[in-house]
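Residue numbers (our numbering), protein chains in the order written: chain A, 235 to 529; chain B, 235 to 529; chain C, 63 to 337; chain D, 63 to 337; chain E, 21 to 337.
Glycine included, every Cβ here is placed at the ideal spot set by N, Cα and C.
The structure presented is a predicted model; accordingly, all values stated were derived computationally and were not measured.
Take a look at the structure set out below.
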Ligand SMILES: Nc1ncnc2c1ncn2[C@@H]1O[C@H](COP(=O)(O)OP(=O)(O)OP(=O)(O)O)[C@@H](O)[C@H]1O
Ligand SMILES: Nc1ncnc2c1ncn2[C@@H]1O[C@H](COP(=O)(O)OP(=O)(O)OP(=O)(O)O)[C@@H](O)[C@H]1O
Ligand SMILES: [Mg+2]
Ligand SMILES: [Mg+2]
């Protein structure tokens, strides 16, 4: 760690001597790259999780919180263990919808963003409707969708798309707009077609924005799958976590409700980790946000 | 319009002669700046809207769609006119919650992003919980929130916050991370404190990302207010648009349902316009996405 | 570069009568009120090597961009009387531009950055490989083909940018201080390479530089600009014969031209309000 | 700048015995395998004016950053034996750095960019106004105080960066090709201004340049580096007395030094694998 | 008589917005019956979300309006100490609604329809029983019901769930036809409904308050059904401004016609009477349908200690 960095790490603390401005060979505080860092990377969240669970258990025990208000982790674990097959198959259904919703949100959002980037007029004409879709509560229009779509599956996907597409659209639009104008000039000079400019310049440039949108959309797609199922889904056998959640709530099976929530959370965290990984892999070679600083 | 631009505008079309590579003084196609452009800016969305309404009316008339399935624009307008006072007061309630939700989503999202930017470890420890909050369906935990909060108002706000904060967090995080490392080095050299680096460097740098997040959060706060009211709200006199929506649906007063949806949409578009304006004002002096290109 | 030389050797000193590009009374005022160019008139003949010389901020880059067709003018006209009809087919590939900043795509490797102009013309990676590596070789960066721009030093980035501009063998080459970030030896080498290519392919070059020595060494004509408002204040024809080699740098005529150019520059600086 | 001159006039030619900063066997290998510096040793005495000269990509910027404490070394040590205890209180304000790129904050006006170092020390806008405008005056940009970086030309941006580095009157000034984007007249003026300030305040300057002339004109010592791996290959003391004025540029000793330096540079280029 | 200062404060959470189905409770508030019994009652309206039940469990309200016995069975199954102290409706008002002239004449005919719009709570309870009790019902028929009858109206070959007192009214007024109505209760889904639920510890600690609340509520119901109910209707319309007189009249009419309140055990023991036999019979059906577990102690679900005392029966005309 170099001197200035040491100073930085200590913030505004006054120093008593500048003699120690010398570079010592002390290792940096373990950062993501090193071996210890790699371990800590797993350890810290795990410790945090364990701590939280312990606090939860202790709180429930000390205040004697009834299980039908806030079940203890142990009870939730029992419920999870007992209802494993039911919950897992529900999770599978929800996951399928989630992935489909994510794909159509990404494709739809990016396609709309590209379309709108083509001209100020298209943007002016269409953006308001994108906003309207964003702010329309799906529960309110689900019946209409149900009437006009052939299958329930399609209705769920439409609902999910409405919930999840906007962050992708908004971020990608901002990213497409942020293209360095010198590079745009360069493409103009080389008589690049619109399409080439898009593929070789604007889209790569929008990538960091898009990926931030992707990280939002990942979780949102999961919510969207739940909301979509809730608003338009089948109530039958092939039902997903939304149905299990509502049923647990209705049947006052609060530990199972928490079990389902935990499954949902885990899935969300996994999706987030996956989107973050994708983001890291795509940016690590060149973008400030992902590159490892070496100088 | 210069020659190369003309070429650009015509895309890949082959030219028959380069004699016309000369610069003519023909005006550019009306862009946002000019006087005609300004008019068109309003005209295009309005024309689009009028067109849409006409199509809607014609569709309803030609196919004789029953009003309880898809009411005609005329009927919706009548409902709006008749239920004006009820809907307006509901809108007011929703709007109040929306603005509060937006404020806490912004403050909460940015504060969390700042906290997480302080160290990789804080980020690793906390981000999963942010994701968990994002993917937790508020309907499922609303009862718990209701039990633990003193007032319904507070419960609605918590629900709304859960829905709306994540895009702000995710985008601001990405923005904070994207700081140019040469500028970071400069701040290090000048022994800037963490706080100074944040205020003078990282936050301004994150602004374009944050503002994209703001544009998402604006609409989401509106949804969040509706969802929050739906999940935790009081029924009856002091109720907002969510209640009116559900009630209209329940009573099969579909024209009023559409009236409420239209109010919601209008509000959403207005919020979006406002956030876009804020974004433009904050970026127009310096950021590629908002600056008017002059060379 | 492909060595299929053009049959008729160019005679750079006698520009064809109709200029290739002609600026007449061009003004450019930015919306914040800065008058970057005022009433600038300039003819560039075909196969000329013209340097723009002038104080920092006098509008050299702006003029170059306007010639390239980037950005509007506030008033004045730019015409291309010298563009012959028989060059039509190639006109789409005419202009090469080295911006003042490297302007590389950060997400693309050095190879891909240099490949870009060919790629936009539909040349596949493997078909372009030879040309790209040759262009990189000319700027001494063969070994960095797979590096990303952030892994390069300032001078290396600029050299990538130069390689990218040269790869299309453009008829008209616009260069904005391309060698400013390079050490003298690399710079001299690239000076010679550029002159060689210019003569060989009959290019037209408009070259912005801050170095009086460089401008005299390279140019057939030096245009001296003054600042605020940016305008042409003097023109010097450098009538030394081509090909010019290293010994030209030590000749007395070279020193004489340098002195004259330096004086013109001084006059330009005094003439303008900015110091 | 504030004119409260330091009482004892510095004698720049006799550096104090203990060097201010001392690099011993410093190596820097980037994760992609590029060896930017290998076993580089260098002492910089207090009040010295040292130029780093070397081919593009030889590690000059890397060395400068390492001296400033930015970025790790792979091996080797950097010590500061010459930092005297009585300077402790001011040590936080010691280093000024002009990066190779302007590195301005795009959202801040020129004024605010230059104000930054003082602002970070808690100096209010009004208290800083005089200093900021003086620094801007030195680089000829008083009129552009309210412009944003994107409204400036390349050279003007670099001048803003220089003004920002000078405003804190740093004891140690690290400059990475600060004048490369400037016309010769501005460059000469800034050369003289810099020398003047250096003498007056007793600064230590480490200066990266590609111009042999500039390095000879300014430095008390020139360090010649060779590339890949980056290392010190030669050192030349320029024993001409200070203050140096314009006539030094035309003196025969100056020419002699230039020739010697140029030769050293050529030797460095041949020694390195890169061309 | 007790003075205002000595009134016991009691809060009662309903399961929906103020409506005719809550008439008796509003009546008791509006005409001062509760005060007469020494209670100051606050009615907490329910809504689309089920939060009031959570509030009861968290002791934020004292009584909750439980929809039907399945909720109570679930509570016992989950070890939630609540108990039903009265059952105002002898029949569950849940109904299946079909279009007329589609060949659906009996409850069993509904199995022939390709689509039934049904919410998740009914699906996971009543429908499971329907599959057992009648042949032909299958999961594939079910589409979600979001409390908007439009999809039903749009599809002649569909049915939907509803409350006999509400949905048929909007179908009649908006759709312009008289739908076919099939009460689940009449088809064998014989749970009592609109029960008064309280926490066991509350009941044990305040038997007197419970008794007074139950009695006053029953009086309110008799008044609402057979007396002058304008005060209650005004209060309902105040709490729920959207409520119309037409809807209220419709509700009252249906409650009487189908004997929702005053039938079965109520005719012997008065409104609110709980028959333990009925509980047992329903429990067996639900166990058979796999809706509730067989091993729960259904006798803990209700208590008839506070009802079947013929309170207010004299008011019946
Ligand atoms: N986008 C802009 N908005 C406003 N003013 C601008 C803009 N771009 C350039 N200018 C101004 O125009 C003038 C000319 O700029 P230009 O970049 O052409 O100078 P230059 O001759 O290339 O200078 P240098 O040698 O420093 O690169 C400068 O005064 C600059 O401040
Ligand atoms: N982040 C990085 N990752 C990998 N290699 C790097 C990185 N930064 C610099 N290098 C390599 O280190 C070497 C030295 O770079 P440096 O910037 O110090 O050169 P320089 O002497 O300043 O050159 P110039 O005169 O062109 O600015 C170069 O070969 C460069 O490719
Ligand atoms: Mg320029
Ligand atoms: Mg460098």
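- Short note on residue 187 of chain D: C-beta not closer than 7 Å to any heavy atom of ligand 1.
- The alpha-carbon of residue 270 of chain A is positioned some 10 Å away from that of residue 277 of chain A.
- Residues of the segment 152 to 171 of chain E whose Cβ lies closer than 7 Å to any Cβ of chain A, in chain order: 159, 160, 162, 163, 164, 166, 168, 170, 171.
- For residue 347 of chain B, the uninterrupted alpha helix (DSSP H) segment begins and ends at 318 to 351.
- Taken in chain order, the members of the segment 422 to 433 of chain B whose beta-carbon sits within less than 7 Å of a beta-carbon on chain D are 422, 423, 424, 425, 426, 430.
- Shown in chain order are the members of the segment 82 to 93 of chain D whose Cβ falls below 8 Å from a Cβ of chain C: 92.
- Straight across, the Cα-Cα distance linking residue 199 of chain E with residue 501 of chain A is about 45 Å.
- Of the other Cβ atoms in all chains shown, fewer than 16 fall within 10 Å of the Cβ of residue 132 of chain E; this residue is therefore exposed.
- Along the segment 174 to 190 of chain D, there is no position whose C-beta sits under 9 Å from a C-beta of chain C.
- Rounded to whole angstroms, the separation of the alpha carbons of residue 406 of chain B and residue 475 of chain B is 30 Å.
- For residue 269 of chain E, the number of other beta carbons within 10 angstroms of its own is below 16, and it is reported as exposed.
- In this chain, the alpha helix (DSSP H) harbouring residue 224 of chain D covers 216 to 228.
- DSSP places residue 97 of chain C in the strand class (E or B) of the three-state scheme.
- For residue 217 of chain E, the uninterrupted beta strand (DSSP E) segment begins and ends at 213 to 219.
- Residue 289 of chain E and residue 329 of chain E have their C-alpha atoms spaced approximately 6 Å apart.
- The C-beta separation of residue 219 of chain E from residue 101 of chain E comes to about 6 Å, placing the pair in contact by the 8 Å criterion.
- Sorting E/36, E/26, E/163 by C-alpha distance to the C-alpha of residue 263 of chain E places E/36 at the top.
- Residue contact check for residue 401 of chain B against chain A: a CB pair falls below 8 Å.
- If you compare the alpha carbons of E/155, E/242, E/105, E/311 with that of residue 148 of chain E, the shortest gap goes to E/311.
- Distance from the CA atom of residue 366 of chain B to the CA atom of residue 520 of chain A, rounded to whole angstroms, is 30 Å.
- In the three-state scheme derived from DSSP, where H, G and I count as helix and E and B as strand, residue 170 of chain C is classed as coil.
- Against chain C, the CB of residue 327 of chain D has a partner CB under 8 Å away; the residue lies at that interface.
- Taking all protein chains shown into account, residue 292 of chain A has fewer than 16 neighbouring C-beta atoms within 10 Å of its C-beta and is therefore exposed.
- Across the structure, residue 274 of chain A and residue 160 of chain C are spaced so that their CA atoms are roughly 47 Å apart.
- Between residue 106 of chain D and residue 266 of chain D a beta carbon distance of about 6 Å is seen, short of the 8 Å cut, so the two are scored as contacting.
- Around the Cβ of residue 297 of chain B, a 10 Å sphere holds fewer than 16 other Cβ atoms; the residue is exposed.
- The shortest CA-to-CA distance from residue 286 of chain E to any of E/96, E/272, E/111 is the one to E/111.
- Shown here for residue 413 of chain A: same chain residues with a beta carbon closer than 7 Å to its own, the five before and five after excluded, namely 435, 436, 439 in chain order.
- For residue 32 of chain E, the enclosing beta strand (DSSP E) stretches over residues 28 to 33.
- Between residue 101 of chain C and residue 293 of chain C a beta carbon distance of about 6 Å is seen, short of the 8 Å cut, so the two are scored as contacting.
- DSSP, read as helix, strand or coil, puts residue 127 of chain E in helix.
- No Cβ of chain B is located within less than 8 Å of the beta carbon of residue 96 of chain D.
- Neighbourhood of ligand 4, defined by CB distance below 7 Å to any of its heavy atoms: C/215, C/216, C/217, D/122, D/123, D/162, D/238, D/239, D/270, in chain order.
- For residue 104 of chain D, same chain residues with a beta-carbon under 7 Å away, outside a window of 5 residues either side, are 85, 285, 294 in chain order.
- Only those residues of the segment 249 to 262 of chain E whose C-beta falls short of 9 Å from the nearest C-beta of chain B are listed: 258, 259, 260, 261, 262.
- For residue 180 of chain E, the uninterrupted beta strand (DSSP E) segment begins and ends at 178 to 183.
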